[in-house]
Amino acid sequence: MISGLKPTVRKSRSRKRLLIVDDCPVARAKLSDQLSDNYQVELANSGENAIEILETPDQHDQSAANEFDLIITDLIMPGIDGMELVKYIKEKNQANRLTPIILISGELEKLNRVKKNGCVAYLSKDDTQKLLPMVKFLIHQ
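Positions 473 to 613 (our numbering) are the ones given, in order, by the sequence shown.
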């Protein structure tokens with residue numbers, strides 16, 4: 473389900489950067505396989521790991537924050553879940569505050585309950601054929 477899709481424009485890089493956050497190794501690998509041909513993909517295995525990555529300075533410019541063009545996060549994870557991660561990014565991570573976020577879940581009814589959380593799109597894990605077109609639209613590919 474898509475909610476008010478709005479593309480974002482970021483400074484130019486040779487490949488757009490995506491952060492994929494999911495506690496399931498199989499889901500992370502599947503998403504990475506789907507997207508790594510066209511994008512520079514970084515993986516996080518938890519909300520805590522994602523925050524660590526987001527707060528680490530850019531490897532090419534140590535004075536700059538680690539900025540992504542799109543973030544894809546699972547809704548249900550132990551510890552910091554997808555909702556808490558979105559809230560953290562929107563409120564405390566200046567570099568990615570305006571970065572589009574796609575929230576994914578294997579439980580569609582839970583996605584329906586979280587529509588007003590700052591994500592631009594929602595996607596069932598079973599609906600991955602929509603992922604690449606959605607990513608391309610959101611980051612102006």
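Idealized CB from N, CA, C, for every residue including glycine.
In this text the structure is predicted, and so the values were computed from the model without any measurement.
Straight-line spacing of the CA atoms in Leu526 and Arg487 works out to 18 Å. Here Gln512 is bridged, per DSSP, to Arg489. Following the DSSP letters along the chain, one finds Ala593 inside the beta strand (DSSP E) bounded by residues 593-596. Assigned with DSSP and collapsed to three states, Ser504 falls in helix. The criterion of a C-beta distance shorter than 9 Å is satisfied by Ala537 and Ala567. Ranked by Cα distance from Pro529, the options Val493, Ile576, Tyr511, Glu539 are led by Glu539. Between Asp494 and Pro550, the gap from beta carbon to beta carbon reaches 9 Å or more.
Looking from the CA of Pro572, the closest CA among Gly519, Asp509, Ile543, Phe609 belongs to Ile543. In the DSSP assignment, Ile573 forms a beta bridge with Ile543. Taking C-beta atoms under 8 Å as the contact rule, Arg500 and Asn517 qualify, at a distance of about 7 Å. Short of 6 Å from the beta carbon of Leu491, and not among the five residues preceding or following it, lie these beta carbons of its own chain, in chain order: Glu514, Phe540, Ile543.
Where Glu524 is concerned, the enclosing alpha helix (DSSP H) starts and stops at 519-527.
In the DSSP assignment, Lys564 falls within the unbroken alpha helix (DSSP H) covering 554-564.
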